[in-house]
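Student:
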Amino acid sequence: MDFPDSDNYKYGFSVPERTVKGTGRGLSASIIRQISEIKNEPEWMLDFRLKSYDLFKTSSQPKWGPDLSALDYDSITYYKKSTEQAVKSWDDLPPEIRETYDRIGVPEAERDFLAGVSAQYESEVVYESVQKELTKQGVIFCDMDTAVKKYPDIVREYFGTLVPPGDNFSSALNSAAWSGGSFVHIPKGVKVTLPLQAYFRINSEAFGQFERTLIIAEEGSSVHYLEGCTAPIYRTDSLHSAVVEIFVKKGARVRYTTVQNWSGNIYNLVTKRAKAEEDAVMEWVDCNLGSKVTMKYPAVILAGRGARGEMLSLSLAGKGQHQDTGARMIHLAPDTHSRIVSKSISKDGGRSSFRGDIRVAKYATGCSSSSVCDALILDKDSRSDTYPSLSSHASDARLAHEATVEKIGEEKLFYLASRGLSSQEAGGLLVNGFIEPVVKEVPMEYSLELNRLINLEMEGSVG
Amino acid sequence: MLSIKNLTAAIGDKEILHDISLDFEPGKTSVVLGPNGSGKSTLSATIMGRPDIILSEDSELTWNGVDLKPLSADKRAKLGIFLSFQSPLPIPGVSVEELLRVALDEKMDPVALHKELRLLAEEIGLAEEFLTRSIHDGFSGGERKKIEAIQAALLAPSLAIFDEIDTGTDTDAVKRIAEFLHAHFPKDATRIYITHSPRLIELIKPDSVIILKDGKVVAKGGHDLATKTIKEGFSNIHSQLTTHNSQQGTA
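Residue numbers (the numbering used here), protein chains in the order written: chain P, 10 to 472; chain D, 10 to 260.
(1) What span of residues does the alpha helix (DSSP H) with P:W53 cover, start to end?
(2) Distance, Cα to Cα, P:L80 vs P:T239?
(3) Given a cut-off of 7 angstroms on the beta-carbon distance, is the pair P:K90 and P:K48 in contact?
(4) Does the beta carbon of D:P166 sit closer than 7 angstroms to a beta carbon anywhere in chain P?
(5) Flag this pair as touching only if the region 108-116 of chain P and the region 128-139 of chain P have three or more C-beta atom pairs under 8 angstroms; answer yes or no.
(6) Does the distance from the C-beta atom of P:V500 to that of P:V369 stay below 7 angstroms?
(7) Out of P:L298, P:K356, P:L425, P:E450, point me to the one whose CA is closest to D:P97's CA.
(8) Check whether the region 183-196 of chain P touches the region 146-155 of chain P, counting contact only when three or more Cβ pairs, one atom from each stretch, lie closer than 8 angstroms.
(9) Hey, is the region 242-258 of chain P in contact with the region 57-69 of chain P, meaning 3+ C-beta pairs nearer than 8 angstroms?
(10) Given a threshold of 16 other Cβ atoms within 10 Å of its Cβ, counted over all protein chains shown, does P:K284 qualify as buried or as exposed?
(11) Suppose you measure from the CA of D:G151 to the CA of P:E450; what does that come to, to the nearest Å?
(12) Could you name each continuous beta strand (DSSP E) segment of 3 residues or more that falls completely within the region 388-452 of chain P, going from the start of the chain to the end?
(13) Between the beta-carbon of P:E220 and the beta-carbon of P:G189, is there less than 7 angstroms?
(14) If I measure Cβ to Cβ from P:D11 and keep anything under 6 angstroms in the same chain, skipping five residues before and after, which residues do I get?
(15) Quick one, which residues of the region 94-127 of chain D are near chain P if we go by CB-CB under 8 angstroms, in chain order?
(16) Between the beta-carbon of P:L36 and the beta-carbon of P:S45, is there less than 7 angstroms?
(17) Going by beta-carbon coordinates alone, are P:S378 and P:M338 separated by less than 7 angstroms?
(18) Using the Cβ count rule (16 or more neighbours within 10 Å means buried), how would you classify P:T280?
(19) Taking DSSP as the reference, what is the three-state secondary structure of D:E24?
(20) Decide if P:Q332 is buried, meaning its Cβ has at least 16 other Cβ atoms within 10 Å, or exposed.
(21) By how many angstroms is the C-alpha of P:K356 removed from the C-alpha of D:A198?
(22) Which partner residues does P:Q332 have in the DSSP bridge list?
(23) When the cut-off is 7 angstroms and only beta carbons count, does D:D314 lie next to chain P?
(24) Would you tell me roughly how many angstroms separate the C-alpha atoms of D:P101 and P:I41, rounded to the nearest one?
(25) Quick check: the Cα distance between P:G318 and P:P103, rounded to an integer number of angstroms?
(26) Return no unless some Cβ of chain P is closer than 7 angstroms to the Cβ of D:L92.
(27) Below 8 angstroms on C-beta distance, what does D:P195 contact in chain P?
(28) Less than 8 angstroms between the CB atoms is what I'm expecting for P:A308 and P:A342, so what's the real figure, rounded?
(29) Given that P:E445 touches chain D, what residues does it touch there, using C-beta distances under 9 angstroms?
(30) Using 7 angstroms as the threshold, is the C-beta distance between D:D172 and D:K37 below it?
(31) Need the endpoints of the beta strand (DSSP E) that D:V103 sits in, please.
(32) Between which two residues does the beta strand (DSSP E) holding D:D172 run?
(33) Could you name the residues of the region 180-194 of chain D whose beta carbon sits closer than 7 angstroms to any beta carbon of chain C, in the order they occur along the chain?
(34) Does any C-beta atom of chain P lie closer than 7 angstroms to the C-beta of D:A161?
(35) In whole angstroms, give me the CA-to-CA distance for P:A409 and P:P446.
(36) Can you find a C-beta in chain D that's less than 7 angstroms from the C-beta of P:N464?
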C-alpha cells in the first residue's frame, strides 16, 4: 500500500501507546456515560452528550462533497487518556510524549514566540501553560474539561449555542464524544499580543479525536489563537472531528490561525463558527496541507453594525487527498464587510474544492463582500472546483466574486530558467509566490514551515 | 563564441527561422534588426532554449564549443547565457530579490545581494519598492526593462541577449539603461541587442548589424547598415540579399 505523503511527511512517527484510561472501540450511550464518568462531569454535560448522541444516530452524512463511505465509526476508539493530568512543565510529561512534542518543535516555539500553549495528546490536554502576566490580567486559557468544572456559568452561557449539536452530523458526533480542546476568555480591553497556541496530536491507530474549543473575546479585547495538528501514518483511518465556537464582542478582534498537517490517513471534519458583534473583527487563517479528507467551512456571523469578517484559506491536495474547504459570511447587520481569499493547489491526483457562501439579510444595508478564489493545478490528474454562492436580500449589497484557475505556465518557467533556476526551483518559487498572500499572514515561525512543506511537496511535481 | 549554423527552427508546425548561420564574437556588440514577425524574438529564445522551439536535425548551435541543443534553458544560463525578455510576464508573489536569491544561491549571500540590488536600483533610477514587489506585476515598460537590466548586471553573463530592452521606455530611460549595461558588463562579454531604436543603436555603437526578414538573414554589415536601414526602411533590404547572403563572414 502506498501512503499519501509518506515520503515527505516529517511527523509520521509514533511512540508506544500509553493509556491510563480509555474506552473500547465504537460509540454507544454507555461509552458516552463512561467518558463522562472518567471526566467526573456535571449532570448537565452528560445530558448534553446523550441528546447529541441521539441526534448523531439520526443524522446522515451530506450528499455532497467528499466520499466518506470508507469511514467506519465502529472501528474507532473514541476516548483515550494518556496521562493522569495536565502538567505545567514539559519535564513532567512521560518521556515518549515529551519526545513527541520536542520532535514537532512545540516547546521551542513556546520559548520563542508564544504567550501560552496547550498540548492535547489523544483525548486529553497533557500540558498547558500560560504567561503569568496574562493570568494577572484575567486571561483564561485552559482545556475545555477544566473550564466545564471551573467556569460552569460562562461555559453554559455559550457552549453549543453557536454550533448547536444538531447543526450537522459531525457537530452532533463531536457534541456527544467531545474531549479536550481549549477554553479562552479574554477580559474587556485586554490585548494579548503574542499568540496562544493549541497543539493537537493523535498517536494511536484507528482513533477519534474530538476537541471542543470555545473562545470569548470581551469588548475591545484582542487575541490571536493558533492551532497545529499532526499524527502518525497508519494503514487504518482515524477521525478528527472538532467544534470551534468564537464570540467576538463589540470592538474586539480575534484571529484564528490553523496549520493543519494531519497524516494522510485522517478524516478531518470540523465545524468552526464565529459571531462578530458591533465593530468587531474576526479573521480566519486556515491552512490545510494534510489529512485524507478535510471538510471545513469556517463561518463568521456578522451580527453587529460595522463588523468585519475575513477568511484567508490555503489548501494543498496531493495524492489521495481531498481538501473540501470553504468559508461562510453571514451578514445580519448593516455596514458589515467580509473578504475571502482562497488559494488552492492540486497535484498528483489530489482534489481541492472551495465553497464560498455569502449571505446578506434583508435589513443589512451598506454591506460588502469580496471573494477571490485562485486555484493552481499542477498536473492533468488533479482537480479543483470552486462553488461560490452569493445571496442578498438587501438591495444595496456590493458582492464581488472572482475565481481563477491556472496551471504553472511554461512561459513563467522559461523566464525563471533563463535566470538559471532548475524546473524544481522555479516551480517552488512560483508556488510559494502563489500562496504568498495567505502565508504572509501566518506568524513567521509557521510561514517558514509552510514554505518548507510546500517545497518538499513540489519535489518532482514540475518539469 | 556563439556559433549558429544552418539553424532552422519551428514552433508547432510553423517554421519561423530558416537556415540561419551567424557567429557572435566575444567582446563584440551586435544588433539584430528586422520588421515585426521577422523571427528576432524567436532567434533569441532559441539561443536561450525555450522548450517549445524545435530545431531541425542539421541545425547547429554552440557556445564556446559546447553544443547547446541538448541543454535546457537553466543549464544554458549556468554556462553564462542570459536573455532579457521583451515583455516578461508578472509573477505574483515573487520579487526580483527572491528570484535572485535562488539564482545566485551559491554566488552571493542574501545580505550582500540585498545591498547590491539597492545600489544598482539607485544607479539605474528605479525606486526600491520594485525590488520587493511581485516582479513585473503592474510595472511600466521602463520599470520592467530596468529590472531586466539589473538582473543582467547581477548575473554577469558572458553572452547577453537584450530583446527590445528599449521598448516602452522614454528616451531618458533608454540612455540610462544603455549606460548602465555598458558600465556593468565585462569587456569580453558577447552582447546581442534586438531593437528598433536608432537612439539605442547610437548609444551602444554596435560592431555588427544583422538584418532579419521572414526568418532569414538578409543582410549583414557594420554600424552604417543600421543607419541606412532605419532611414530607408526594410523594404529595400531584399535587393541586398544576394550580395550579402553569399558572403560568409562573422557578424
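For glycine and all other residues, C-beta sits at the position ideal for the given N, C-alpha and C.
Tutor: The answer reads as follows:
(1) Taken as a continuous stretch (DSSP letters only), the alpha helix (DSSP H) holding P:W53 covers 52-67.
(2) Going from the Cα of P:L80 to the Cα of P:T239 covers about 19 angstroms.
(3) Taking a C-beta distance under 7 angstroms as the contact criterion, P:K90 and P:K48 do not qualify as a contact pair.
(4) For D:P166, the nearest beta carbon of chain P is not closer than 7 angstroms to its own beta carbon.
(5) Short answer: they touch.
(6) Beyond the ends of chain P as shown, which are 10 and 472, falls residue 500 of chain P; an answer cannot be given.
(7) Minimum Cα distance to D:P97 is reached at P:L425.
(8) Two segments are said to touch when three or more pairs of C-beta atoms, one from each, lie closer than 8 angstroms; by this definition the region 183-196 of chain P touches the region 146-155 of chain P.
(9) Taking a cut-off of 8 angstroms on C-beta distances, the region 242-258 of chain P does not touch the region 57-69 of chain P, as fewer than three cross pairs fall below it.
(10) That one is buried.
(11) In this structure, the straight-line span from the alpha carbon of D:G151 to that of P:E450 is close to 32 angstroms.
(12) You should have 392-401, 407-416.
(13) In contact: P:E220 and P:G189 (Cβ atoms closer than 7 angstroms).
(14) Bear in mind that a pLDDT of 38 at P:D11, under 50, signals an unreliable position, so the model cannot answer this.
(15) So the list reads F94, P97, L98, I100, P101, G102, V103, E107, L108, L109, V111, A112, given in the order they occur along the chain.
(16) Not a contact, by the Cβ cut-off of 7 angstroms.
(17) Cβ atoms of P:S378 and P:M338: closer than 7 angstroms.
(18) Counting C-beta atoms within 10 angstroms of its own C-beta, P:T280 has 16 or more neighbours from the protein chains shown and is therefore classed as buried.
(19) Strand, per DSSP.
(20) So P:Q332 counts as buried.
(21) The straight-line gap separating the alpha-carbon atoms of D:A198 and P:K356 is approximately 42 angstroms.
(22) P:Q332 is bridged to P:T303, P:S361.
(23) Given a span of 10 to 260 for chain D in the structure shown, any question on residue 314 of chain D remains unanswerable.
(24) So the alpha carbons of these two residues sit roughly 51 angstroms apart.
(25) Using only the alpha carbons, I get a separation of about 41 angstroms.
(26) Yes, D:L92 counts as interfacial toward chain P.
(27) Residues of chain P passing the Cβ test: none, with the nearest at roughly 17 angstroms.
(28) Not quite, the Cβ-Cβ distance comes to about 15 angstroms (not below 8 angstroms), so this is no contact.
(29) P101, G102, V103, S143, listed in chain order.
(30) Going by C-beta atoms, D:D172 is not nearer than 7 angstroms to D:K37.
(31) In the DSSP assignment, D:V103 falls within the beta strand (DSSP E) that extends over 100-104.
(32) It spans 168-172 - the beta strand (DSSP E) in which D:D172 sits, taken as one unbroken run.
(33) The structure shown contains no chain C; its protein chains are P and D.
(34) Not one chain P Cβ lies under 7 angstroms of D:A161.
(35) Their Cα atoms are separated by approximately 18 angstroms.
(36) Output row for P:N464: interface = no.
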